[in-house]
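Reviewing the structure listed below.
Numbering (the numbering used here), first residue to last: -4 to 446.
What follows is the structure, encoded as structure tokens:
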């Protein structure tokens, strides 16, 4: 039997070894590392399987529902053509001189319901068209789009990463959304516009010769924009309304009435996203001529990529539960209290190390959340603190995307960059996002008087 700190360190080392050297997927690796924590710390063998079931079930009850609904919600928005119509609309409003800003805002909004890689693929033809017309480097428009997509994907629920981390850390999604927007906007300006203009001035990337441009905007697509924005805003506003009402009731500003109970019901993340999904299926599907069979097939297809995220999140819950059951979380918390290490910097650092070592941002976020979760069980934080901790993990898991990350090769392929230029542009962008967002998080941390 090992000491608790050594058991944790060896489990993290085993996790990285399995993923990096053994090439096991994150789900299997997290389960094996969780079992090792139990064995190495002296947990009775008979209790290990029970802890696995408890950790998996406790996590997935919420996360599986949210991620599944989010996948269907995003798929119908993608199929409707709403992403391209929003890009075309914003370009018309901003004008070509401010097109990078239009692409930044497009990415920031579209990535709320649509997965990062899917959003990038369906919007890249718009980037090709802009670069061909202007004669500018492709990066002038691609970097702002990528920044908007990456920031929202990491920081603003109901995207899977922050939802999973928020659940493991027991953070309120309304606070995470609010702080995610506050952190995300200045981060987007720095990384998308300033860094985008900087790197585009140093690397000229022509439009690929075989690139397909986006089709001209139609009257039908233009009508999608206000509807799509309203549907995306619906769950976010409901969740924020729920958080606000609960906060005001707790501090005695409002009395708990039946209308507020209804608002809280509608603002629960599961109900809010379920409602938004049905609204999207009807207005963007049925009203636009899609049959029930087509909508059913679309929904089933959308759930396939969500399955992997759900299982990895569940395994992260198992890892967290094993640390709680063995008492390792309390041991780490006591050690950190003696060292006076900031939870925010610790969360960022753990996520960053795992991200750089094995590449997958989701696995890095889940691993860091699994380690931080038991600390919060022993030392609960205020809602604002928990939300900032979620964002610190998301920030760390964004840093330094390189050759072991699928996102690196996605950007490399669609922009047709050399590996060296992909490192300068894409890896540089993810590092700027991580560091600039950390600065904003620490500033908020200081303003809120958090310790």
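By construction, the Cβ of each residue, glycine as well, lies at the ideal position given by its N, Cα and C atoms.
For residue 54, the closest C-alpha among the options 310, 266, 24 and 130 is that of 310. In the three-state reduction of the DSSP assignment, residue 355 falls in the coil class, being assigned neither a helical nor a strand state. Between the beta-carbon of residue 391 and that of residue 350 there is about 7 Å, and that keeps the pair under the 8 Å contact cut. The three-state reading of DSSP puts residue 237 in helix, counting H, G and I together.
Excluding five sequence positions before and after residue 432, the CB atoms of its chain that fall closer than 6 Å to its own CB belong to 178, 182 and 390, given in chain order. Residue 369 sits buried, since 16 or more C-beta atoms from the chains shown fall within 10 Å of its C-beta. Burial of residue 147 is indicated by the presence of at least 16 other C-beta atoms within 10 angstroms of its C-beta.
Contact between residue 234 and residue 168 holds: CB atoms are separated by about 6 Å, below the 8 Å threshold. With respect to residue 263, residue 237 sits close: the two C-beta atoms are nearer than 8 Å. With a beta-carbon spacing of about 14 Å, residue 424 and residue 132 fall beyond the 8 Å limit used to define contacts.
As summarised for the segment 71 to 120, the continuous alpha helix (DSSP H) elements at least 4 residues long and confined to that stretch are 77 to 89 and 94 to 105, given in chain order. Around the beta carbon of residue 90, fewer than 16 other beta carbons sit within 10 angstroms, so the residue counts as exposed.
Bounds of the alpha helix (DSSP H) holding residue 407 are 401 to 410. Sequence-distant Cβ neighbours of residue 436 in its own chain, meaning closer than 7 Å and more than five residues away, are 178, 339, 383, 386, 387 and 390. Bounds of the alpha helix (DSSP H) holding residue 414 are 414 to 417. For residue 17, the secondary structure class from DSSP, reduced to helix, strand or coil, is coil. Where residue 161 is concerned, the enclosing alpha helix (DSSP H) starts and stops at 155 to 164. Your pair residue 22 and residue 268 does not check out as a contact, with CB atoms roughly 24 Å apart and the cut at 8 Å.
For residue 7, the uninterrupted alpha helix (DSSP H) run begins and ends at -1 to 11, by DSSP.
Distance from the CA atom of residue 441 to the CA atom of residue 229, rounded to whole angstroms, is 32 Å.
In this structure residue 46 is in contact with residue 317, their Cβ atoms being roughly 5 Å apart against a cut-off of 8 Å. Counted as a single uninterrupted DSSP element, the alpha helix (DSSP H) harbouring residue 170 occupies residues 168 to 183. Shown here for residue 50: same chain residues with a beta carbon closer than 8 Å to its own, the five before and five after excluded, namely 29, 309, 312, 313, 314, 315, 316 and 317 in chain order. Under the three-state reduction of DSSP output, residue 321 falls in the helix class. Separation of the CB atoms of residue 70 and residue 118 is rounded to 16 Å, and the pair is thereby denied contact status at 8 Å. For residue 274 and residue 226, the gap between their C-alpha atoms comes out near 7 Å. For residue 282, the three-state secondary structure derived from DSSP is helix.
The segment 31 to 48 and the segment 4 to 23 touch, with no fewer than 3 CB-CB distances between them shorter than 8 Å. DSSP places residue 263 outside both helix and strand once states are collapsed to three, so it counts as coil. If you compare the alpha carbons of 412, 196 and 406 with that of residue 115, the shortest gap goes to 406. Excluding residues up to 5 positions away in sequence, 167 and 170 lie with their Cβ nearer than 6 Å to the Cβ of residue 378 in the same chain. For residue 423, the enclosing alpha helix (DSSP H) has its first and last residue at 423 to 442. When 160, 201, 104 and 158 are compared, the shortest CA-CA separation from residue 141 is found for 104.
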